[in-house]
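J.: The opening position of the sequence shown corresponds to residue 777 in our numbering, with each subsequent residue numbered one higher.
Where a beta carbon is used, it is the ideal one built from N, C-alpha and C, also for glycine.
Computed from a predicted model, the values in this text were never measured in an experiment.
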Amino acid sequence: MDFEDKKKEFLQTWGTFGSKWGINKAMAQIHALLLIAPEPLCTDDIMEELHISRGNVNMNVRNLLDWGLVSKIHKEGERKEFFIAEKEIWKVISIVTAERRKREIEPVINLLQEAQHVDKKDKEQAEFRKVTGELLHYTELADNLLETLSRSEQNWFVNGIRKLFYRKKS
């Protein structure tokens, strides 16, 4: 397989992964293209490479800018806007983690907190409150872990994982 085939496969696969992050395929593919590009790309470059419309590129680049995964670059003598992806992978992981927390975990925590305001008038309501309380407890633990992860330095996390999973055998 040559470089162009590998590149196309990478862009397609990253696009598929995007839906698991909570973003659409085009947004993920644009991110992947900018991530592997050695130089900043303009909208026309992205359209040509991915075969998607100008409107689709503009909307998704705006979302990537909002997330902080992409920055706008101005080239001297050029009227076009150019874009470059955050290249430090740990920062990318931290940004995606923070966005997923905001979009997925925080609404669940709010829902479970509201569920705690149900009266315990009967057995069914008491059980509901008990179960949602336990779910709240563990969801808040996961949220705290993800918040710590998204704010931490790479070496803290990697060293912790290494200690946890790669202990020396006696």
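1) Whose CA, out of L811, V907 and G831, lies closest to the CA of L845?
2) What first and last residue would you give for the alpha helix (DSSP H) that runs through S795?
3) Kindly indicate the opening and closing residues of the alpha helix (DSSP H) around V894.
4) Based on DSSP bridge pairs, tell me the residues matched to I849.
5) Any idea which residues DSSP pairs L810 with across the strands?
6) What number of angstroms, rounded off, separates the C-alpha of Q889 from the C-alpha of Y914?
7) Cα separation between F779 and G909?
8) Under 7 Å between the Cβ atoms of S926 and A874?
9) In whole angstroms, what separates the C-alpha of E864 from that of N836?
10) Quick check on H893: buried or exposed, where buried means 16 or more other Cβ atoms within 10 Å of its Cβ?
11) Please check the pair A802 and W790, which I expect to be a contact at CB under 8 Å, by giving their CB distance rounded to whole angstroms.
12) Going by alpha carbons, who is nearest to V868 out of H807, L917 and Y942?
13) Let me check understanding here. Comparing Cα to Cα, which of E857, D842 and K796 lies closest to I849?
14) Which same chain residues end up closer than 8 Å to I885 when comparing Cβ atoms and leaving out the 5 residues on each side of it in sequence?
15) Straight-line CA distance for L809 to E882?
16) For the alpha helix (DSSP H) that contains R879, what are its first and last residues?
17) Could you name the residues that DSSP lists as bridge partners for L817?
18) Quick check: what's the CA-CA separation for K896 versus V907?
T.: Taking the definition as stated:
1) The residue you call residue 845 lines up with position 69 of the sequence shown. For L845, the nearest C-alpha among the options comes from L811.
2) Stepping through the sequence shown from its first residue, residue 795 is reached at position 19. Note, S795: alpha helix (DSSP H), F779 to W797.
3) Residue mapping note: residue 894 aligns to position 118 of the sequence shown, counting from 1. Taken as a continuous stretch (DSSP letters only), V894 belongs to no alpha helix (DSSP H), as it is neither H nor E.
4) As a first step, residue 849 is located in the sequence shown; it is residue number 73 there, counting from the start. In the DSSP output, where bridge partners are listed per residue, I849 has F858.
5) The residue labelled residue 810 in the question sits at position 34 within the sequence shown. Beta-bridge pairing links L810 to no other residue.
6) Translated into positions along the sequence shown, residue 889 becomes position 113. Translated into positions along the sequence shown, residue 914 becomes position 138. Near 12 Å, if we compare the C-alpha coordinates of Y914 and Q889.
7) Residue mapping note: residue 779 aligns to position 3 of the sequence shown, counting from 1. Residue mapping note: residue 909 aligns to position 133 of the sequence shown, counting from 1. Straight across, the Cα-Cα distance linking F779 with G909 is about 52 Å.
8) As a working note, residue 926 is residue 150 in the sequence shown. As a working note, residue 874 is residue 98 in the sequence shown. Result yes, Cβ atoms of S926 and A874 sit closer than 7 Å.
9) Your numbering for residue 864 matches position 88 in the sequence shown. Your numbering for residue 836 matches position 60 in the sequence shown. For E864 and N836, the distance between alpha carbons rounds to 20 Å.
10) Locating residue 893 in the sequence shown gives position 117, where the first residue counts as 1. The residue is exposed, with fewer than 16 neighbouring Cβ atoms inside 10 Å.
11) Within the sequence shown, numbered from 1, the residue matching residue 802 stands at position 26. Within the sequence shown, numbered from 1, the residue matching residue 790 stands at position 14. Not quite, the Cβ-Cβ distance comes to about 11 Å (not below 8 Å), so this is no contact.
12) Against the sequence shown, residue 868 aligns to sequence position 92. Minimum Cα distance to V868 is reached at H807.
13) Taking the first residue of the sequence shown as 1, we reach residue 849 at position 73. Per the Cα distances, E857.
14) Taking the first residue of the sequence shown as position 1, residue 885 is located at position 109. Its chain contains L912, T915, E916 and D919 as the residues whose beta carbon lies nearer than 8 Å to that of I885, once the 5 sequence neighbours on both sides are disregarded; these appear in chain order.
15) For the purposes of this step, residue 809 is taken as residue 33 along the sequence shown, with counting starting at 1. For the purposes of this step, residue 882 is taken as residue 106 along the sequence shown, with counting starting at 1. Distance between the alpha carbons of L809 and E882 is about 30 Å.
16) As a first step, residue 879 is located in the sequence shown; it is residue number 103 there, counting from the start. It is not in any alpha helix (DSSP H) - R879 carries neither H nor E in the DSSP assignment.
17) Position 41 of the sequence shown, counted from the start, is the residue given in the question as residue 817. DSSP output for L817 lists F859 as bridge partner(s).
18) Locating residue 896 in the sequence shown gives position 120, where the first residue counts as 1. Locating residue 907 in the sequence shown gives position 131, where the first residue counts as 1. Their Cα atoms are separated by approximately 12 Å.
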